[in-house]
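Please read the structure below before turning to the comments.
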Amino acid sequence: MVACSWTTYDCNSYFYLALNQVISKKTQDFEVPQLSKSLSRPIYTSEYLFHVVTLRFTRNTRPSSRLAERYNMPGLAFNPDNDIPDLSGKVIFITGGTAGLGAQSVAQMAKHSPARIYISGRNATSAEKIIKEIAETGSNTPVSFVECDLTSLDSVKRAADEIIAKESRLDVLMCNAGIMALPPGLTNDGYEVQFGINHLGHALLIQKLLPLLQRTAERGADVRVIILTSKGYQLHPYGGIIFDDLKTTQDYGFLGSWKRYGQSKLANILYTRELARRYPAITVVSVHPGVITTGLVENLGWAHRWFIYATTYNQMVTLEEGAYNQLWAATTSKDGLETGQYYIPVGVASNDKLTKTGRDDVLAGQLWEWTDKALEDYL
């Protein structure tokens with residue numbers, strides 16, 4: 007079963023790419039239906055969308071790692087037990103660390119003896135379970151829970167202040183938490199909910215923790231910010247980010263939930279680029295996790311569920327494997343990592359494969375300025 011949750015960003019990148027092909031009418035596999043005389047866009051049937059994805063699935067692959075095989079990419083073979091180095095002395099903070107990809111990342115990194123791992127989320131009970139499970143493996147790594155509700159900027163501010171009060175260093179900030187394709191809604195602060203959680207809440211966390219990250223880097227430490235995104239960024243609305251509507255539900259009707267999701271994931275990529283440009287002492291990258299199998303799909307409507315089930319045959323990886331790309335980015339040698347890059351599984355630098363909008367540094371600057379304005383009362 008494929009699913010999305012607060013910590014799983016991408017159920018099905020092929021689904022996203024197929025829909026993007028339909029929306030943009032840029033496919034070489036078949037002719038796009040003609041516009042109806044009475045409509046401003048083509049009529050897309052479920053059979054037609056299914057055909058798009060089926061064509062993608064049947065293309066030849068060049069196997070390398072199991073993950074890379076699913077993307078026609080020569081990805082790196084990665085085994086967290088062998089390839090994650092000793093993490094002694096490092097302090098790590100993982101948002102959404104109580105479930106899904108976040109919990110997998112915590113479990114793997116705890117094996118390599120960091121000084122402490124902080125995990126954030128809304129559910130203290132889930133956090134206690136994760137902490138207990140890690141202790142039962144024999145790991146001596148201290149794991150601490152920080153309550154953080156990304157729908158509330160006040161909550162994010164409190165979480166950041168708690169880290170600042172407790173720690174004199176922060177080596178890795180993994181912005182892992184997120185939601186996908188939910189119905190229209192608003193955060194507690196009145197922002198479109200997917201944009202608020204996936205981008206704005208994390209942006210506040212990053213900005214609040216930047217002084218601590220910078221002080222750590224000044225001591226010669228290898229400091230990193232890992233931001234989870236998705237190939238689904240390509241589903242963003244025309245223009246990329248609709249700044250004027252971000253304090254509305256952006257109820258765009260047909261495919262609206264995916265457009266809002268794509269907009270938030272585009273923001274992750276653009277914010278990564280701008281953060282890397284402004285703070286060169288810190289390594290900042292965005293990562294796409296892949297097509298993940300989890301046990302949650304209930305948040306999606308029936309049409310989305312049917313389409314995901316129908317189009318993910320032989321395209322999925324386990325939850326454990328889904329965490330490999332972010333684990334690689336957080337722990338690989340600094341020499342093998344380029345700040346500002348977008349990586350697909352595992353460790354494939356892919357800025358050159360981003361769309362024009364995904365590489366738009368003017369838009370990235372506009373996003374930075376908009377974000378600063380939105381957060382000014384919390385900094």
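Count along the sequence shown from 1, add 6, and you get the number used in the working numbering.
For each residue, glycine too, the CB sits at the ideal point set by N, CA and C.
State yes or no: is the C-beta of residue i within less than 8 Å of the C-beta of residue j?
| i | j | result |
| --- | --- | --- |
| L176 | Q332 | no |
| L234 | V293 | yes |
| I203 | L156 | yes |
| L276 | A209 | no |
| A121 | V97 | yes |
| G102 | A183 | yes |
| T278 | V291 | yes |
| T363 | H205 | no |
| K265 | G238 | no |
| I140 | A171 | no |
| L93 | S111 | no |
| Q220 | L381 | no |
| G1 | V199 | As shown, the chain starts at 7 and ends at 385. That puts residue 1 outside it, with no answer to give. |
| L179 | A273 | no |
| I169 | A335 | no |
| P295 | P351 | yes |
Would you list the one or two residues that DSSP bridges to residue i?
| i | result |
| --- | --- |
| T324 | Note: T324 sits in no beta bridge, so no partner. |
| R122 | V97 |
| G127 | E153 |
| I350 | V354 |
| T289 | R230 |
| I298 | V323 |
| E134 | None, per the DSSP bridge assignment. |
| E198 | L192 |
In whole angstroms, what is the alpha-carbon distance linking residue i and residue j?
| i | j | result |
| --- | --- | --- |
| I125 | E142 | 17 Å |
| V229 | C181 | 14 Å |
| T193 | F201 | 9 Å |
| Q256 | G226 | 44 Å |
| N146 | I123 | 11 Å |
| F84 | D383 | 42 Å |
| E326 | P189 | 28 Å |
| S263 | Y197 | 15 Å |
| I248 | W376 | 11 Å |
| Y330 | P86 | 7 Å |
| S174 | G245 | 41 Å |
| R164 | V152 | 9 Å |
| I288 | P91 | 19 Å |
| S236 | K379 | 26 Å |
| Q269 | Y285 | 24 Å |
| G81 | C154 | 34 Å |
| D89 | D250 | 45 Å |
| K340 | E224 | 16 Å |
| G328 | V162 | 26 Å |
| R365 | A109 | 31 Å |
| R283 | V368 | 13 Å |
| G144 | T338 | 24 Å |
At what residues does the alpha helix (DSSP H) containing residue i begin and finish?
| i | result |
| --- | --- |
| I233 | First-last for I233: 230 to 234, but that is the beta strand (DSSP E), not the alpha helix (DSSP H). |
| V368 | 367 to 381 |
| T222 | 208 to 224 |
| I248 | I248 -> no alpha helix (DSSP H), and no H or E assigned at all. |
| I185 | Segment: none, I185 is in no alpha helix (DSSP H) and carries neither H nor E. |
| Y330 | 330 to 337 |
| G102 | Note, G102: premise wrong, no alpha helix (DSSP H); not H, not E. |
| P86 | 86 to 89 |
| E168 | 159 to 172 |
Name the two residues that bound the continuous beta strand (DSSP E) containing residue i.
| i | result |
| --- | --- |
| L272 | First-last for L272: 262 to 284, but that is the alpha helix (DSSP H), not the beta strand (DSSP E). |
| V178 | 178 to 181 |
Could you name the residues of the same chain whose beta carbon sits closer than 7 Å to that of residue i, not counting the 5 residues immediately before and after it, in chain order?
| i | result |
| --- | --- |
| S44 | For S44, the predicted model reports a pLDDT of 32, less than 50, meaning its position is unreliable; a value from the coordinates is still stated below. Counting only Cβ-Cβ distances below 7 Å, and skipping sequence neighbours, we find nothing. |
| T104 | I125, G127, N129, S132, A133, I136 |
| G95 | A121 |
| K253 | G196, Y197 |
| T222 | R175, L176, D177, V229 |
Under 8 Å Cβ to Cβ from residue i, same chain only, skipping five residues before and after it: list those, please.
| i | result |
| --- | --- |
| G342 | G353 |
| A355 | E344, Q347, Y348, Y349 |
| L360 | I275, Y348 |
| L215 | F99, A166, I169, I170, L176, L179 |
Between residue i and the rest of its own chain, which residues show a CB-CB distance below 6 Å, the 5 nearest in sequence each way excluded?
| i | result |
| --- | --- |
| R47 | A caution first: R47 carries a pLDDT of 35, below 50, which makes its placement in the model too unreliable to give a value. |
| L159 | D195, L210, Y384 |
| L281 | V290 |
| Y258 | K265 |
| V149 | I123, I137, I140 |
| N357 | Q347, Y348 |
| L55 | The pLDDT assigned to L55 is 39, lower than 50, so where the model puts this residue is not dependable; a value taken from the coordinates is nonetheless given after this. Once the five neighbours on either side are set aside, L55 has no close Cβ partner at all. |
| H57 | For H57, the predicted model reports a pLDDT of 35, less than 50, meaning its position is unreliable; a value from the coordinates is still stated below. Closer than 6 Å at Cβ, skipping near neighbours: no residue. |
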